[in-house]
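What follows is a single structure, written as structure tokens, with notes after it.
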Amino acid sequence: MKQDLVLTWGLPYQDGIFKNVVVRPLTIGGELNALAAFDDFADGKELDKNSTSVAMTLAYWTQQVEFGGVPAEALTVDYLMNNLVGEDYRLIMEAMDELRAKSAAATVNRETTAAAETNHIATGQSTETTGES
Numbered sequence: 004m005k006q007d008l009v010l011t012w013g014l015p016y017q018d019g020i021f022k023n024v025v026v027r028p029l030t031i032g033g034e035l036n037a038l039a040a041f042d043d044f045a046d047g048k049e050l051d052k053n054s055t056s057v058a059m060t061l062a063y064w065t066q067q068v069e070f071g072g073v074p075a076e077a078l079t080v081d082y083l084m085n086n087l088v089g090e091d092y093r094l095i096m097e098a099m100d101e102l103r104a105k106s107a108a109a110t111v112n113r114e115t116t117a118a119a120e121t122n123h124i125a126t127g128q129s130t131e132t133t134g135e136s
């Protein structure tokens, strides 16, 4: 599952500006890597509550957001903090919400399908057509 989007401003890297983004769910391994990325960024800094929250979000994004044209190893909390525009930050947050909604809808659809199948089994109803009129 993924969510594609195009940023308004994009990220500068080398001689280009890259606007195509893919958002994916965060894996457990990615979360551990994100925590390490946050620790690297925060080491020796005194961050207030808001800065900590934004930095943690960016640390997660280093693991779950692909910025087309920017290599994964270049995506650090510091790089995103200094290059990501607020408007694009909000677009990515919206894409994350849409991805969660897709995931929730998929879960509801699976539960509905499973419940319907269970109901047909319990009541002895068949979902097959017999060809009889």
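Residue numbering for the sequence shown follows the numbering used here, starting at 4 and increasing by one per position.
Where is the CB? At the ideal position from N, CA and C, for every residue including glycine.
Since the model is a prediction, treat every value here as computed from it, not as a measurement.
For a quick check, are the C-beta atoms of Q17 and L102 less than 8 angstroms apart?
Numbered from 1 along the sequence shown, position 14 holds the residue referred to as residue 17. Numbered from 1 along the sequence shown, position 99 holds the residue referred to as residue 102. Contact flag unset, no.
Check whether the segment 17–36 and the segment 53–61 are in contact - that is, three or more C-beta pairs closer than 8 angstroms.
With a cut-off of 8 angstroms, the segment 53–61 and the segment 17–36 do not count as touching, because too few Cβ pairs lie within range.
Hey, would you say D100 sits closer than 8 angstroms to L10, going by beta carbons?
Position 97 of the sequence shown, counting from 1, holds the residue named residue 100. Position 7 of the sequence shown, counting from 1, holds the residue named residue 10. Cβ distance not < 8 angstroms, so D100 and L10 don't count as in contact.
Buried or exposed for G19, please, with buried defined as at least 16 other CB atoms from any protein chain shown within 10 angstroms of its CB.
As a working note, residue 19 is residue 16 in the sequence shown. It counts as exposed.
Quickly, what does DSSP pair Q6 with across the bridge? List them, please.
In the sequence shown, residue 6 corresponds to position 3, counting from 1. Bridge partners of Q6: V26.
Would you kindly work out how many angstroms separate the C-alpha atoms of S106 and R27, rounded to a whole number?
Taking the first residue of the sequence shown as 1, we reach residue 106 at position 103. Taking the first residue of the sequence shown as 1, we reach residue 27 at position 24. Roughly 11 angstroms between the two C-alpha positions.
Smallest Cα separation from M4: which of P15, L29 and G13?
Counting from 1 along the sequence shown, the entry for residue 4 is found at position 1. Comparing Cα-Cα distances from M4 to each of P15, L29 and G13, the minimum goes to L29.
So, using beta-carbon positions, are L8 and L94 closer together than 8 angstroms?
Mapped onto the sequence shown, residue 8 falls at position 5. Mapped onto the sequence shown, residue 94 falls at position 91. A contact, by the Cβ cut-off of 8 angstroms.
Who does V68 pair with in a DSSP beta bridge?
Residue numbering aside, residue 68 sits at position 65 when the sequence shown is read from its first letter. Its beta-bridge partners are V26.
With a CB to CB cut of under 7 angstroms and the five nearest residues on each side skipped, what residues in its chain are close to Y63?
Translated into positions along the sequence shown, residue 63 becomes position 60. L29 and A37.
Looking at the structure shown, is L14 part of a helix, part of a strand, or coil, going by DSSP?
The residue given as residue 14 occupies position 11 in the sequence shown. The answer is strand: DSSP assigns L14 an E or B state.
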